[in-house]
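Participant:
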Amino acid sequence: MAVSRQTGSAVEQAVDEARRGFTEQFGGEPAGVWTAPGRVNVIGEHTDYNDGFVLPMAIDRACYAAAAPRADRVLRVHAAQLGKTVEISLDELTGPGSADDTRDAADPDMSPLADPAVAGWAAYPVGMAWILQQAGFPVSGADVYLTSTVPVGAGLSSSAALECATGLALAGVSGFDLTKAELARHAQRAENIYAGVPCGPLDQMSSAFGEDGAVLFIDTRSGEVRPQPFDLAAEGALLLVIDTRVSHAHGENGYADRRAACERAAAFLGVPALRDIPLAELPETFAKVAVGLDETTARRVRHVVTEDARVQQFVAILNHEDFSLPPLGHRMMQSHASLRDDYEVSAPELDLAVATAVSAGAHGARMTGGGFGGSAIALVDRDRLDAVQDAVRAAFAEAGYTEPQFFPAVASAGARRTA
Numbered sequence: 005m006a007v008s009r010q011t012g013s014a015v016e017q018a019v020d021e022a023r024r025g026f027t028e029q030f031g032g033e034p035a036g037v038w039t040a041p042g043r044v045n046v047i048g049e050h051t052d053y054n055d056g057f058v059l060p061m062a063i064d065r066a067c068y069a070a071a072a073p074r075a076d077r078v079l080r081v082h083a084a085q086l087g088k089t090v091e092i093s094l095d096e097l098t099g100p101g102s103a104d105d106t107r108d109a110a111d112p113d114m115s116p117l118a119d120p121a122v123a124g125w126a127a128y129p130v131g132m133a134w135i136l137q138q139a140g141f142p143v144s145g146a147d148v149y150l151t152s153t154v155p156v157g158a159g160l161s162s163s164a165a166l167e168c169a170t171g172l173a174l175a176g177v178s179g180f181d182l183t184k185a186e187l188a189r190h191a192q193r194a195e196n197i198y199a200g201v202p203c204g205p206l207d208q209m210s211s212a213f214g215e216d217g218a219v220l221f222i223d224t225r226s227g228e229v230r231p232q233p234f235d236l237a238a239e240g241a242l243l244l245v246i247d248t249r250v251s252h253a254h255g256e257n258g259y260a261d262r263r264a265a266c267e268r269a270a271a272f273l274g275v276p277a278l279r280d281i282p283l284a285e286l287p288e289t290f291a292k293v294a295v296g297l298d299e300t301t302a303r304r305v306r307h308v309v310t311e312d313a314r315v316q317q318f319v320a321i322l323n324h325e326d327f328s329l330p331p332l333g334h335r336m337m338q339s340h341a342s343l344r345d346d347y348e349v350s351a352p353e354l355d356l357a358v359a360t361a362v363s364a365g366a367h368g369a370r371m372t373g374g375g376f377g378g379s380a381i382a383l384v385d386r387d388r389l390d391a392v393q394d395a396v397r398a399a400f401a402e403a404g405y406t407e408p409q410f411f412p413a414v415a416s417a418g419a420r421r422t423a
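According to this note's numbering, the sequence shown is numbered sequentially starting from 5.
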């Protein structure tokens with residue numbers, strides 16, 4: 005079974021679907037269609053909320069938002085894949101927080117601001133309207149029709165794509181502009197504060213800043229984004245996404261616990277964030293945290309420090325004149341082992357996908373995203389693609405797991421208006 009790849013015609017089809025769906029749901033024509041992509045994180049996991057380095061790329065799976073302004077102050081949002089609609093007055097979006105809310109997003113007990121009427125999926129688009137209002141933007145009433153090709157729960161940032169597409173649509177129909185940095189920042193804060201998910205900036209920055217044919221080397225402390233050419237096709241290879249079909253939900257798993265542990269460790273060590281611990285000092289730091297806090301927290305620290313180093317090494321390899329794929333694959337394998345053993349965010353299905361892909365000839369593989377399910381990625385020569393897919397599919401069948409899905413991760417443009 006061949007991998008499925010989005011093409012230009014597929015994008016046009018998604019835009020047409022969004023326009024038709026809007027008309028069927030709300031009547032009339034949308035004022036435009038805005039899109040924002042999902043992402044894969046090539047390397048640099050759980051480093052973003054530690055002020056560290058990440059290397060994601062936007063992919064050609066995206067959320068499309070067809071929208072039109074309303075004469076009143078009502079926001080209506082319909083999610084096509086769910087068949088659900090939320091309707092709320094913008095004047096009711098006056099939660100107890102603000103766009104500059106300083107509550108600790110890493111606190112596992114932090115309750116979201118979302119009204120129970122807009123809990124679940126609806127908290128993401130409604131949260132964007134709320135955060136933009138709180139930031140002083142003149143958000144008008146709107147009808148918004150959402151349709152997405154980003155698999156939900158696969159660790160590919162479907163929520164960030166939804167937030168960014170909604171944010172651009174609301175800006176477009178309300179008559180104001182958002183920079184990429186503003187879009188990413190407000191989308192992250194909406195997810196942190198309104199939906200109550202303590203994510204870092206990785207997902208939203210990937211969706212906002214994505215570029216065709218490039219990965220993004222992001223310094224999450226400074227906000228600097230440096231696109232790096234990532235032409236695997238020239239090397240006869242591709243980055244294969246293996247969706248294990250094991251859904252994850254950051255708000256319902258140990259993601260918040262991991263972030264809280266990192267912040268406790270940073271406070272204990274007297275540094276602003278774990279990014280500030282030099283790799284050369286890791287043995288001493290590990291021992292200090294293991295004694296002063298506990299060994300589990302020390303292992304969390306070790307993952308973050310070594311993962312930051314791996315991101316920088318990966319970028320150095322990409323920029324080296326003797327660039328080759330095996331060293332990249334080696335860093336991916338190191339990253340997965342660290343996420344599995346030190347950070348403990350993998351899952352049996354992810355471990356099986358990674359091990360099987362490499363045994364079948366992939367240069368390297370790793371889980372991508374927050375973990376606890378979702379997807380793995382594998383660096384595969386095109387002439388080994390069928391062998392890798394067949395091996396993973398057979399291994400999952402033998403283990404009694406749901407059949408995985410496959411598609412190539414194609415580095416794509418970020419959030420933008422498409423119609």
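Note that CB positions come from ideal geometry on N, CA and C, so glycine has one too.
Please read all numbers here as calculations on a predicted model, not as lab measurements.
Counting along the chain, where does the beta strand (DSSP E) carrying His334 start and finish?
Facilitator: Run containing His334: none in the beta strand (DSSP E); it sits in the alpha helix (DSSP H), 329-345.
Participant: State whether the region 406-416 contacts the region 76-89, with contact taken as three or more CB pairs (one from each stretch) at a distance under 8 Å.
Facilitator: Touching, no, given that fewer than three Cβ pairs across the two stretches are closer than 8 Å.
Participant: Which word fits Val295, buried or exposed, when buried means at least 16 other C-beta atoms lie within 10 angstroms of its C-beta?
Facilitator: Under this definition Val295 is an exposed residue.
Participant: Nearest-angstrom Cα distance between Gly159 and Ala380?
Facilitator: Answer to the nearest angstrom: the Cα atoms are 9 Å apart.
Participant: Helix or strand or just coil, what does DSSP make of Asn45?
Facilitator: Asn45 falls in the strand class under three-state DSSP.
Participant: Terminal residues of the continuous alpha helix (DSSP H) containing Ser379?
Facilitator: No alpha helix (DSSP H) holds Ser379; the beta strand (DSSP E) holding it covers 378-385.
Participant: Quick one: is the Cβ of Leu286 within less than 7 Å of any heavy atom of the ligand MN?
Facilitator: Because no ligand of any kind appears in the structure shown, any question about the ligand MN cannot be addressed here.
Participant: Inspect the CB distances between the region 361-376 and the region 385-394 and report whether three or more fall short of 8 Å.
Facilitator: Result yes; three or more Cβ-Cβ pairs closer than 8 Å.
Participant: When DSSP builds the beta bridges, which residues end up paired with Arg268?
Facilitator: Answer is none; Arg268 lacks a bridge partner.
Participant: Tell me which residue opens and which closes the alpha helix (DSSP H) that Phe318 is part of.
Facilitator: 299-322 is the span of the alpha helix (DSSP H), which, as asked, contains Phe318.
Participant: Skipping 5 residues on each side, what residues in its chain have a beta carbon closer than 8 Å to that of Arg335?
Facilitator: So the list reads Ile47, Arg314, Gln317, Phe318, Ile321, Gly368, once near-sequence residues are dropped.
Participant: Can you check whether the CB of Val229 is closer than 8 Å to the CB of Leu220?
Facilitator: Their beta carbons are under 8 Å apart, which means Leu220 touches Val229 by this criterion.
Participant: Is it buried or exposed for Pro60, if we count other Cβ within 10 angstroms and need 16 for buried?
Facilitator: Flag for Pro60 reads buried.
Participant: Using 8 Å as the threshold, is the C-beta distance between Gly36 and Gly176 below it?
Facilitator: Result yes, Cβ atoms of Gly36 and Gly176 sit closer than 8 Å.
Participant: Can you grab the Cα-Cα spacing for the pair Gly378 / Leu354, in whole Å?
Facilitator: When rounded, the distance between both Cα atoms is 8 Å.
Participant: Do you know how far the Cα of His190 is from the Cα of Leu200?
Facilitator: One point to set straight first is that residue 200 is Gly, not Leu, in the sequence displayed. About 14 Å.
Participant: Can you tell me the Cβ-Cβ gap for Glu49 and Leu343, rounded? I've got them flagged as a contact below 8 Å.
Facilitator: Rounded, the Cβ-Cβ distance is 6 Å, consistent with contact.
Participant: Use the C-beta contact count for Ala401: other C-beta atoms within 10 angstroms, 16 or more gives buried, fewer gives exposed.
Facilitator: Exposed.
Participant: Less than 8 Å between the C-beta atoms of Gly374 and Ala212, yes or no?
Facilitator: In this structure, Ala212 does not lie closer than 8 Å to Gly374 by Cβ.
Participant: DSSP has Pro231 in a bridge; who is on the other side?
Facilitator: Beta-bridge pairing links Pro231 to Leu220.
Participant: From Pro202, Gln409, Val293, pick the residue whose C-alpha is nearest to that of Arg397; which is it?
Facilitator: When each option's Cα is compared against that of Arg397, the closest is Gln409.
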